[in-house]
Amino acid sequence: MPVTVNEERLFQEFIKLAEIPSPSLKERELADYLISRLQGFGFSVEEDGTAAKIGGTTGNLLARLPGDERYPSLFFCCHMDTVVPADGVKVIFEDGVFRSKGDTVLGGDDKAGIAALLELLEMLREQDQPHGMLEILLTVGEERGLLGSRNFDYRKLEADFGYILDSSGSPGAIITAAPAQNIFNITVKGKSAHAGFEPELGVNAIRIASEVISRLPLGRIDEETTSNVGIIKGGKATNIIPDSVFIQGETRSLKREKLDDLTSRIVKEFEKIKQIPGADCEISVSLEYPEYRIDTKQQVIEFAAKAMERAGIKPRLETTGGGSDANIFNAAGLQAANLSVGMQKAHTTEEYLDSRDLVRVVQILWEMIILSTEGMKA
């Protein structure tokens with residue numbers, strides 16, 4: 071029988087968190103609130119120097135609560151930032167579902183995970199439940215390319231294994247694989263001229279770029295690989311032949327060789343621009359984060375699956391097309407799996423969260439604590 075959760079307290083906590091604005095690189099207000107809350111539970115809280123490195127208002131927060139050394143230690147990770155629009159979030163709770171008014175995101179990504187953790191801590195204190203040492207890492211700038219986790223010193227983590235609470239969908243998903251991502255930045259150069267008096271003297275950078283983009287392999291390439299052109303900026307006025315246009319896009323794949331091959335194909339298409347008289351291009355490619363794949367027999371997977379079963383939820387082993395802090399954790403050699411926390415339509419103003427799913431996440435976390443005291447170790 072799943073543990074009983076104080077739903078009213080949990081729901082009010084989520085609403086409070088969601089209505090604290092925390093767009094990427096501006097997480098200070100939320101961070102201060104969470105520092106106070108965690109210290110109230112007896113955690114020590116350390117803020118690192120990531121803010122200065124990424125131009126933000128706060129660094130990553132690492133909170134630690136001592137526990138019984140007989141039991142394995144666990145860590146949990148959520149990110150504090152949200153995508154925009156995020157100013158003036160007003161949560162509407164109707165028919166058991168959380169939504170925003172419709173002009174902002176809800177912020178369930180990732181405040182659903184944070185709310186569930188805070189309720190877990192309330193329950194541990196109320197019931198005086200034994201546990202091993204607990205660590206909570208709250209990262210910044212996740213929505214800007216995992217900036218917080220990429221700048222965190224993982225030598226500071228002491229826990230045996232842990233979980234990132236940041237996947238969409240109903241509770242029960244355990245993400246066993248996620249893709250690597252490359253970002254490509256292209257500047258196509260042409261030659262400006264007056265569009266009315268002497269257009270034949272110009273070389274239209276936007277037209278050249280458009281022709282190349284039309285030839286690119288975009289969208290879903292196969293079941294493991296995708297690509298996209300997401301940003302195009304160029305031009306000064308309608309009466310000027312544009313001499314420059316900036317293009318930014320991405321490639322993703324669960325397999326590095328596929329990622330490299332697709333990225334190379336895109337780069338080669340843009341390099342053909344250099345053969346056009348009066349045109350040129352500058353190309354840069356960077357690896358934003360590496361892929362990961364976790365053996366389903368690893369303890370971090372089996373432990374989560376067992377906790378879900380005990381909470382009455384069927385575990386689902388899934389791969390994803392999105393990156394998360396879990397990519398960085400696994401690259402650092404840590405046992406870390408990303409779990410679904412109920413958020414739906416994340417990154418849109420139609421985002422919503424079923425309150426029953428939020429309760430189920432807390433029940434899963436509770437069963438993890440109980441399991442850890444029953445000898446199921448990493």
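Going by this note's numbering, the first residue of the sequence shown is number 71, and it counts up by one from there.
Quick reminder that beta carbons are idealized off the backbone N, C-alpha and C, glycines included.
Source: prediction; values computed, not measured.
Residue i, buried or exposed, once every other Cβ within 10 Å from all chains shown has been counted against 16
| i | result |
| --- | --- |
| Ser-106 | exposed |
| Arg-169 | buried |
| Gly-137 | buried |
| Ser-237 | buried |
| Lys-259 | buried |
| Lys-96 | buried |
| Ile-162 | exposed |
| Glu-164 | exposed |
| Arg-220 | buried |
| Asp-173 | exposed |
| Ala-122 | exposed |
| Gly-403 | exposed |
| Glu-341 | exposed |
| Gln-345 | exposed |
| Leu-435 | buried |
| Asp-427 | buried |
| Thr-246 | buried |
| Ala-186 | buried |
| Gly-177 | buried |
| Thr-127 | exposed |
| Ala-101 | buried |
| Asp-313 | buried |
| Ser-94 | buried |
| Gly-125 | exposed |
| Pro-91 | buried |
| Gln-109 | exposed |
| Pro-241 | buried |
| Thr-333 | buried |
| Glu-83 | buried |
Nearest-angstrom Cβ-Cβ length linking residue i and residue j, presumed shorter than 8 Å
| i | j | result |
| --- | --- | --- |
| Leu-409 | Ile-244 | 6 Å |
| Ala-349 | Ile-301 | That belief does not hold up - the Cβ atoms of Ala-349 and Ile-301 are roughly 20 Å apart, past 8 Å. |
| Phe-81 | Ser-425 | 6 Å |
| Val-411 | Leu-188 | No, Val-411 and Leu-188 are not in contact; Cβ-Cβ is about 13 Å, not under 8 Å. |
| Gly-218 | Thr-366 | Contact flag wrong, Cβ pair sits at about 28 Å. |
| Glu-99 | Val-153 | Not confirmed; about 17 Å, so no contact. |
| Ala-248 | Ser-394 | 7 Å |
| Glu-420 | Ala-381 | Not a contact, Cβ separation roughly 28 Å. |
| Glu-89 | Lys-171 | With a Cβ gap of about 11 Å, Glu-89 and Lys-171 do not count as contacting. |
| Asp-151 | Gly-211 | 6 Å |
Residue i: first and last residue of the uninterrupted alpha helix (DSSP H) it sits in
| i | result |
| --- | --- |
| Gly-232 | Taken as a continuous stretch (DSSP letters only), Gly-232 belongs to no alpha helix (DSSP H), being part of the beta strand (DSSP E) at 231 to 237. |
| Glu-281 | 275 to 285 |
| Gln-251 | No alpha helix (DSSP H) holds Gln-251; the beta strand (DSSP E) holding it covers 250 to 259. |
| Ser-442 | 425 to 442 |
| Arg-134 | Run containing Arg-134: none in the alpha helix (DSSP H); it sits in the beta strand (DSSP E), 131 to 135. |
| Val-370 | 369 to 380 |
| Arg-79 | 77 to 88 |
| Phe-145 | Here Phe-145 belongs to no alpha helix (DSSP H); instead the beta strand (DSSP E) covers 144 to 149. |
| Leu-108 | 98 to 110 |
| Glu-451 | Given a span of 71 to 448 for the chain in the structure shown, any question on residue 451 remains unanswerable. |
Separation of residue j from residue i, as counted between CA atoms
| i | j | result |
| --- | --- | --- |
| Gly-305 | Ile-276 | 8 Å |
| Lys-447 | Ile-371 | Caution applies to Lys-447, whose pLDDT of 46 falls short of 50 and renders its modelled position unreliable; the value that the coordinates give is listed next. Those two C-alpha atoms are separated by around 12 Å. |
| Glu-339 | Asp-180 | 38 Å |
| Tyr-362 | Asn-309 | 49 Å |
| Glu-116 | Gly-272 | 57 Å |
| Thr-389 | Met-193 | 31 Å |
| Asp-230 | Ser-297 | 36 Å |
| Ile-440 | Leu-104 | 25 Å |
| Asp-198 | Phe-111 | 12 Å |
| Asn-397 | Arg-195 | 32 Å |
| Glu-270 | Ala-263 | 8 Å |
| Thr-443 | Pro-287 | 51 Å |
| Lys-376 | Arg-290 | 34 Å |
| Leu-87 | Ile-311 | 49 Å |
| Thr-418 | Glu-268 | 44 Å |
| Leu-329 | Gly-166 | 41 Å |
| Ile-383 | Val-337 | 45 Å |
| Pro-360 | Arg-386 | 23 Å |
| Phe-399 | Glu-294 | 21 Å |
| His-352 | Pro-155 | Per the sequence presented here, residue 352 reads as Glu, with His not at that position. One C-alpha to the other measures close to 32 Å. |
| Phe-222 | Leu-216 | 10 Å |
| Ile-364 | Thr-209 | 22 Å |
| Lys-226 | Glu-139 | 18 Å |
Limits of the unbroken beta strand (DSSP E) element including residue i
| i | result |
| --- | --- |
| Thr-295 | 295 to 304 |
| Arg-290 | 289 to 292 |
| Glu-339 | Here Glu-339 belongs to no beta strand (DSSP E); instead the alpha helix (DSSP H) covers 326 to 341. |
| Asn-408 | 406 to 410 |
| Gly-319 | 314 to 323 |
Any C-beta of chain C under 8 Å from that of residue i
| i | result |
| --- | --- |
| Leu-332 | Although the question refers to chain C, the structure presented lacks it and comprises just one protein chain. |
Do the region 246 to 264 and the region 315 to 333 touch if we need at least three Cβ pairs shorter than 8 Å?
yes
Contact between the region 124 to 134 and the region 429 to 438 (3+ Cβ pairs under 8 Å):
no
Taking contact to mean at least 3 C-beta pairs separated by less than 8 Å, is the region 141 to 148 in contact with the region 200 to 219?
yes
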